[in-house]
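See structure below.
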Amino acid sequence: MKSLFKNLLAPRIEYETDVERIDFPLAHEWLRNTYWSKGISRNRVEQGFRASTAVVSAYVGGQMKGIARCISDTTRFGYITDVYVAEESRGRGVAQGMLRNLMQRPALRSTEYWYLITRDAHEVYRKLEFQTFDKPERLMRLDKRR
Ligand SMILES: CC(C)(COP(=O)(O)OP(=O)(O)OC[C@H]1O[C@@H](n2cnc3c(N)ncnc32)[C@H](O)[C@@H]1OP(=O)(O)O)[C@@H](O)C(=O)NCCC(=O)NCCS
């Protein structure tokens, strides 16, 4: 009952698909402090979002509270990255809402395989049916930052 009232009283979350709606100064402030893109420049944040296949941002009361993006060939694979929700808006389904929004776009709906990398947010993605990779030895990467 308590959670029903909480949900009824909670401000509406709106999802935007247009890259022009992204508040890049705020997105940069968030992403430059993450473990996966520590110290990233504002230009590289903007370049990454603009070159993505699809982006999403979440708004509460006109304020941007979350971002995520996806790179895909629109048929066989999609790679999700830069999923971030403002601290004060966490735990309300914003991340799940953004991922559903990305994955259900008409252009991406028939994508066969979805990938992402996470250090500690596995539970968020398990709720969307992601599983840890069954054959991690098949995954390879080249780290050019070294
Ligand atoms: C991880 C993050 C994106 C989750 O955003 P969120 O909007 O709070 O997530 P949701 O509300 O959609 O949470 C989905 C569920 O997973 C759980 N959950 C949320 N964050 C979690 C975390 N870090 N670890 C484990 N479970 C988590 C929630 O309890 C929720 O469960 P419920 O539906 O039963 O209540 C957010 O905490 C964040 O931005 N963290 C910092 C950046 C980061 O780590 N991004 C992810 C990179 S892969």
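Mapping of the sequence shown onto the numbering used here: position 72 corresponds to residue 72, and the numbering continues sequentially without gaps. For glycine and all other residues, C-beta sits at the position ideal for the given N, C-alpha and C.
If you follow the alpha helix (DSSP H) that residue i is part of, which residue opens it and which one closes it?
i: R32; result: Neither: R32 is in no alpha helix (DSSP H) and is coded neither H nor E.
i: R126; result: 122-126
On the CB-based measure, 16 or more other CB atoms within 10 Å of its CB, does residue i come out buried or exposed?
i: T111; result: buried
i: G78; result: buried
i: M140; result: exposed
i: I22; result: buried
i: L142; result: exposed
i: A27; result: buried
i: A58; result: buried
i: G66; result: buried
i: I212; result: This structure does not reach residue 212, given that the chain is present from 1 up to 146, and the question cannot be answered.
i: A54; result: buried
Problem - Lining residues of ligand 1 - beta-carbon closer than 6 Å to any non-hydrogen atom, in sequence order - result: This criterion selects T34, V83, Y84, V85, R90, G91, R92, G93, V94, A95, Q96, T118, D120, A121, E123, V124, K127.
Problem - Contiguous beta strand (DSSP E) assignments of at least 3 residues, all confined to the segment 13-98 - result: Runs found: 13-16, 54-60, 63-72, 77-85.
Exercise for the section: Evaluate the contact criterion for the segment 68-80 versus the segment 90-110: three or more CB pairs, one atom per stretch, below 8 Å. Expected result: Segments in contact, yes.
Problem - Three-pair Cβ contact test at 8 Å for the segment 85-95 versus the segment 35-42 - result: No, because fewer than three Cβ pairs between the segment 85-95 and the segment 35-42 fall closer than 8 Å, the two stretches do not touch.
Exercise for the section: Inspect the CB distances between the segment 46-60 and the segment 118-134 and report whether three or more fall short of 8 Å. Expected result: Segments in contact, no.
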